[in-house]
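Below is one structure, written out as structure tokens, with a few remarks after it.
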Amino acid sequence: MQFKKALIWSHIKGTYHRCLTEDEQKKRHSAKLIAQIFPGMEHYSSYNFARVRQNYLIPVLQKQFPNLATIPAEEIGDMDMVEITEFLPCDRYAWQESAWQAEFNRKLAA
0 MQFKKALIWS HIKGTYHRCL TEDEQKKRHS AKLIAQIFPG MEHYSSYNFA
50 RVRQNYLIPV LQKQFPNLAT IPAEEIGDMD MVEITEFLPC DRYAWQESAW
100 QAEFNRKLAA
């Protein structure tokens, strides 16, 4: 699935890219990204969403796009897109269990 490169850049850098609209900065766009990378994952509270974003989403994006953190905002166009693929499926809240976390860490280190 294709996502705006600016959205991925924003997660990696920790600040919103200038070309993202107010709507694109909302949690639901990040939730779509999480659903693509970790199909089946549930994180419905704001607290869980923040944990998933920090502990799982950002490390995967950094692994898949290692050079994106060094790209200046000016070099990312409004319509630049990147392909995002599944990283690790998750059965609802399995991300809170040590077995899923171990598999995540194994894949991340590979």
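The opening position of the sequence shown corresponds to residue 0 in numbering that gives the first Met the number 0, with each subsequent residue numbered one higher. In this text, a Cβ means the ideal position worked out from N, Cα and C, and glycines have one as well. None of the values given here were measured: they were computed from a predicted structure.
Using CA atoms only, rank isn't needed, just tell me which of the options is closest to residue i.
{"i": "Ile-33", "options": "Ala-108, Cys-18, Lys-12, Trp-94", "result": "Trp-94"}
{"i": "Lys-26", "options": "Arg-17, His-10, Cys-18", "result": "His-10"}
{"i": "Met-0", "options": "Gln-100, Ile-83, Arg-105", "result": "Ile-83"}
{"i": "Phe-48", "options": "Gln-61, Gln-63, His-28", "result": "His-28"}
{"i": "Leu-60", "options": "Glu-73, Gln-35, Leu-19", "result": "Gln-35"}
{"i": "Ala-5", "options": "Ala-109, Trp-99, Gly-76", "result": "Gly-76"}
Residue i lies in the alpha helix (DSSP H); which residues open and close that run?
{"i": "Lys-25", "result": "Unbroken run through Lys-25: none, as it is neither H nor E."}
{"i": "Gln-61", "result": "57 to 63"}
{"i": "Ala-5", "result": "4 to 12"}
On the premise that residue j lies in contact with residue i, defined as a C-beta separation below 8 Å, what is that separation, rounded to the nearest angstrom?
{"i": "Phe-2", "j": "Val-81", "result": "6 Å"}
{"i": "Pro-38", "j": "Glu-85", "result": "6 Å"}
Locate the beta strand (DSSP E) running through residue i, then write down its first and last residues.
{"i": "Gln-100", "result": "Looking at the DSSP string, Gln-100 is not in any beta strand (DSSP E); the run it does join, the alpha helix (DSSP H), is 97 to 108."}
{"i": "Phe-48", "result": "Not the beta strand (DSSP E): Phe-48 falls in the alpha helix (DSSP H), residues 45 to 51."}
When burial is assigned at 16 or more other CB atoms within 10 Å of the CB, is residue i buried or exposed?
{"i": "Tyr-46", "result": "exposed"}
{"i": "Tyr-43", "result": "exposed"}
Between the segment 1 to 19 and the segment 92 to 107, do three or more beta carbon pairs fall short of 8 Å? no
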